[in-house]
Amino acid sequence: MSTDRYPFRDIEAKWQRTWEERKQFRAIEDPGRPKFYCLEMFPYPSGRIHMGHVRVYAIGDLLARYKWMRGFNVLHPMGWDAFGLPAENAAIEHGVHPAIWTYENIDYMRSQLKKMGIAYDWEREVTTCDPAYYRWEQLVFIKMLERGLAYRRRSTVNWCPSCQTVLANEQVEAGRCWRCDSEVTPRDIEGWFFKITAYADELLAWCDRLTGWPERVITMQRNWIGRSEGAEFELPVAGRPDLSVRVFTTRPDTVFGMTYTVLAPEQPLVDRLAADDAERRAVAEFRAQVARQSEIERLAADRPKRGLRLRAQVVNPFTGAAVPLFIADYVLMGYGTGAIMAVPGEDQRDWDFARQHDLPIVETVRRPDGWDGEAYAGDGIKINSGFLDGLTVADAKRKAIDWIVERGIGVAKVNYRLRDWGISRQRYWGAPIPVLYCEQCGMLPEAEEKLPVLLPRDVQLSGKGGSPLSDVASFVNATCPKCGGKARRETDTMDTFVESSWYFLRYCSPRYDRGMFERTAAEYWMPVDQYIGGIEHAVLHLLYARFYTKVLRDLGMVKVDEPFTALLSQGMVIKDGAKMSKSKGNVVDPDELIHTFGADTARLFSLFAAPPEKDLDWNEHGVEGASRFLNRVWRFVLAHLDALRAAPRRAAPTTDDGRAFRRTIHETIRRVTDDIEHDFHFNTAISAVMELVNAIYAFESAAADRMPAGERVALLREAVETVLLLLGPIAPHVTEELWSQLGHGESLFAQAWPTPDPAALVRKEVTLVVQVDGKVRSRLQVDVDAPEDRIQRLALQDDKVQPWVRARAVERVVVVANRLVNIVTRA
RNA sequence: GGGGGCGUGGUGGAAAUGGCUAUACACGGCGGCCUCAAAAGCCGCUGCCCGCAAGGGCGUAGGGGUUCGACUCCCCUCGCCCCCACCA
């Protein structure tokens, strides 16, 4: 451990105080200046910040400060995603009210972020559990209800037995709860949904236009929406003119290969198809059996498929043949029509089931030569398919759909994997859903002038059985806004992902009290120019926020189609090969880190150790290296402070060494700027600054007797100030302090970002690599843009090249301007 | 099963568009200076093999290809990671 560190604690406290007093990072709308909205995903106030937060906020702050220096009017706000289950669980465990727990956590975490020196406009802080915040989403809920975009229905939902609440599809990961990892069970329940499927097409289409997003996030959203094209049509039930089974298929071309049909066990039609009491009993038992298997079991694709054959049969409309009808656990009620035509020849699942139940298999696509697989899902020529024979799969699909449509038995159909967003939560700490149930008038929204529907303070939290709000009589008992009679309030609360679907809009005018946000402010700041957050939200928050923004647009509230122009998905923070977590005991505490090394070092290391999109391997030695580097900068400036202060700010070197050094300075500016602008590779930007600092040390010790003292010190000043400017957004406190010590009255962050001086970058000579047959044999100093024939001659005459070409015939010479010469020989 | 990505020293990672001696920068290691000693700092060396050296050969998971030239492009194999998943 070093004993000789620069006084980072004093410096950091001083500049944090100064910036706050100056209100330096306040954002004010100014239509005369280009804006830049820089946003990091806001945190859940869990108690303390962790290293993942340090990383994401260091990235965001770098970009925000950089854009300030580039002359943008920057909005860089922070807030709290303050509703959610941990607050409620803490209340159950420790008897603290969720509000108290949450606000205490916010206070502590705010102080932590302030100690990091992140340049937020704290006057725009937003807290989502504040009624002044959630009242507006209650208003939008009512508007969505009016338009059918919010609706209530009974359905089978994902139930987390540990969290005692419903989860949206997006919140279930491989059959487990995204938050607590408990196994999710199906449950039949009434609840509220947002009709995100109405936007499936648009959400998908816009994926192509989100060019500032990482490809992998776009791919994940596309897959999640899961569009598939096909046909939906009726299969008459044999001998039952009143009944038919409607099926969806993406392969209408394979209909001649349908050898049986399957319904999901829960399909309502099954009840009407059962022939007698005995069959009804068998169905009931089968359903019970399926219901008993957990979600995890159901997801194991390789387990045997269970089925029950009904006595009814359906008729293949293409062939007129009757085929058997099953209910089976491999068909899902939630997708398509909950019924399929089974084509074992071309679908592996159907093939497996057919083999297990001894059903015939018909091939309708000619197999490629050498094919020895089971079901064949590839392209080919149709066979055994009546009027489709000889066509390609694609042509046969079209023709089969035409046939279906002409006969009026079905339609071409697009299905999505995306399901409506279930937003009901049977928990306390969330925004109340502003709906009432009147004994006379039925379900209806709360009157707009009565909003917000306040979350009551006094509530008993046990963590067991039903919505806690249903026990609060003063909340539940209300009067009907229509008839004034007795009414009961909805006791479910909204999914907390609803709050995070619009907080970026609230930041535009956080204290506005006549609406969700002030229109002019939102029009100025939106969309978010750069959004930064973890990949774990690729299909959760990021999809919901896109949907919600489109809803607000269609309600006439915003003009933008998409909320986030560019997205940076940062990787996780890893230590000893595993994600940092309390259970693994590999957590690094940011408080401790900042206390020992300072915020600047913490920030520098998290930006230097890996490019932002990759996982970052935490390494104590690496942190010390970052600290060492800042000390090295500090020491140099202080050691030469008087001379530097007295020197001119810009150097005009007259010596070769001086010009070379100045070129290094300006090449560093170019490299750092490119790294930030081009692909956010801050790690290489930092390494370029490190190289410049190394060059400064080398120059200082070597240049003394090679040039006039005035030239030397002017160059050093230009170099040092360039380092401070380039390093400012990364390590703001120490650079601001040194900047001020150099005699500047104005903040470093009020300076313009440096631009390379073209004159300094000019080279008279370049070094060419000389290769013989692709192997480097020599180097050549030549004038820039020397004529090719001269380069060829010099290369061939070179002493080191000669032995390699003497015994061989030169076949050709490749000259790449200002790069290399390659002499190609023949034996 | 479907989709996406990755594989470079002892370690984290460089090399945008194929070419400015592959491994910058940092960590770790080794050596030196400073010191009574240490810490801190400063200066060197640090892919592998052969060689006293000059120098040469090999080297970006493995194999093949395209090219004057491949970490980079194409094909195959192996390994790892992420997302989705009986979605018909």
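Per the numbering used here, residue 17 is the first one in the first sequence, and the count goes up by one each step. Don't be surprised by glycine CBs; every beta carbon is placed ideally from N, CA and C. Since this is a predicted model, take the numbers as computed values, not measurements.
With distances taken Cα to Cα, identify the nearest neighbour of residue i among the options.
i: Ala247; options: Trp650, Pro59, Val427, Trp387; result: Val427
i: Phe491; options: Lys480, Lys413, Ala307, Val475; result: Val475
i: Pro772; options: Arg686, Ala538, Ser525; result: Arg686
i: Ser62; options: Tyr119, Arg38, Arg42; result: Tyr119
i: Ala416; options: Ala704, Pro268, Ala667; result: Pro268
i: Gly482; options: Leu620, His113, Arg795, Glu206; result: Glu206
i: Asp405; options: Arg64, Leu165, Arg433, Phe272; result: Phe272
i: Arg651; options: Asp605, Glu578, Val736, Leu620; result: Val736
i: Arg81; options: Ile134, Asn647, Asp631; result: Ile134
i: Gly396; options: Thr380, Ala718, Asp287, Arg322; result: Thr380
i: Ile241; options: Tyr215, Pro497, Gly354, Val253; result: Tyr215
i: Glu762; options: Trp31, Pro23, Tyr22, Arg21; result: Trp31
i: Gly255; options: Val339, Pro230, Gln237; result: Val339
i: Arg619; options: Gly76, Glu56, Lys51, Met57; result: Gly76
i: Arg644; options: Lys791, Phe613, Asp695; result: Phe613
i: Asn493; options: Ser516, Gln154, Glu462; result: Glu462
i: Val306; options: Asp292, Lys321, Ala294; result: Lys321
i: Trp419; options: Tyr519, Phe249, Gly350, Tyr547; result: Phe249
i: Arg86; options: Arg522, Asp577, Arg49; result: Arg49
i: Ala725; options: Tyr136, Leu764, Gly674, His697; result: Gly674
i: Gly389; options: Pro93, Glu362, Lys398, Leu375; result: Glu362
i: Thr684; options: Arg64, Pro774, Glu301, Glu629; result: Pro774
i: Thr270; options: Pro360, Phe302, Leu324; result: Pro360
i: Asn635; options: Arg648, Leu646, Thr617, Asn647; result: Thr617
In its own chain, which residues sit with a C-beta less than 6 Å from the C-beta of residue i, not counting the 5 before and 5 after it?
i: Ser18; result: Summary for Ser18: the model assigns pLDDT 38, below 50, so the residue's position carries little reliability, and this model does not support an answer.
i: Tyr53; result: Leu91, Trp541, Val544, Asp545
i: Thr565; result: Pro579
i: Ala625; result: Leu632, Gly638
i: Trp847; result: The chain is shown from 17 up to 843; residue 847 falls before or after that span and cannot be answered.
i: Arg168; result: Trp208
Given the structure, does residue i come close to the ligand SAM, in the sense that its CB is under 7 Å from one of the ligand's heavy atoms?
i: Arg126; result: Ligands in the displayed structure: none, and consequently the ligand SAM is not present.
Check the C-beta distance from residue i over to residue j and give it rounded, since I have them as a contact under 8 Å.
i: Arg678; j: Ala776; result: 5 Å
i: Val603; j: Leu754; result: In fact, because the Cβ distance is near 33 Å, the residues do not count as touching under 8 Å.
i: Tyr60; j: Asp97; result: 5 Å
i: Trp229; j: Thr201; result: About 35 Å; that fails the 8 Å criterion.
i: Val837; j: Gln787; result: 7 Å
i: Val589; j: Gly111; result: Not a contact, Cβ separation roughly 33 Å.
i: Leu460; j: Lys498; result: 6 Å
i: Ser178; j: Cys196; result: 5 Å
i: Leu324; j: Ala298; result: 6 Å
Skipping 5 residues on each side, what residues in its chain have a beta carbon closer than 7 Å to that of residue i?
i: Gly446; result: Phe99, Thr509, Met510, Thr512
i: Asp789; result: Val840, Thr841
i: Leu477; result: Glu104, Ala107, Ile108, Tyr444, Pro484
i: Asp436; result: Phe209, Phe210, Lys211, Ile212, Thr213
i: Leu285; result: Val261, Leu279
i: Arg296; result: Ala290
i: Ile27; result: His749, Val750, Glu753
i: Leu434; result: Ile212, Thr213, Ala216, Trp240, Ile241, Gly242
i: Thr862; result: Shown here, the chain extends from 17 to 843; a query on residue 862 therefore has no answer.
i: Ala29; result: none
Which residues in the same chain as residue i place their Cβ atom closer than 8 Å to its Cβ, once the five residues preceding and following it in sequence are excluded?
i: Val901; result: Residue 901 lies beyond the residue range present for the chain, which begins at 17 and ends at 843; the question has no answer from this structure.
i: Leu810; result: Leu796, Val798
i: Gly238; result: The sequence shown places Arg at residue 238, rather than the Gly named in the question. Hits under 8 Å: Leu220, Cys223.
- Message: Does the region 499 to 515 come into contact with the region 71 to 78, if we say contact requires no fewer than three beta-carbon pairs (one atom in each stretch) closer than 8 Å?
- Response: no
- Query: Where in the region 246 to 290 do unbroken runs of the beta strand (DSSP E), each at least 3 residues long, occur, reported from the N-terminal end onward?
  - Reply: 256 to 265, 276 to 279
- Item | Sequence ranges, alpha helix (DSSP H) only - wholly within the region 701 to 770, length at least 4 | 725 to 743, 748 to 757
- Message: Check whether the region 342 to 350 and the region 279 to 299 touch, using three or more Cβ-Cβ pairs below 8 Å as the test.
- Response: yes
- Answer yes if the region 650 to 668 comes into contact with the region 587 to 606, meaning at least three C-beta pairs across the two stretches below 8 Å, and no otherwise. no
- Query: Going along the chain, which unbroken runs of the beta strand (DSSP E) with 3 or more residues stay wholly within the region 49 to 88?
  - Reply: 51 to 56
- Contained alpha helix (DSSP H) runs [length at least 4] in the region 162 to 230, N- to C-terminal order: 216 to 223
- Pick out the complete alpha helix (DSSP H) segments inside the region 572 to 615, 4 residues or longer, and give them in chain order. 606 to 613
- Message: I'd like the ranges of any alpha helix (DSSP H) spanning at least 4 consecutive residues and lying wholly in the region 392 to 477.
- Response: 409 to 422
- Item | Stretch-stretch touch, CB-based, cutoff 8 Å, three pairs: the region 161 to 175 with the region 531 to 541 | no
- Query: At what residue ranges does the region 772 to 809 contain a whole run of the alpha helix (DSSP H), taking only runs of 4 or more?
  - Reply: 774 to 777
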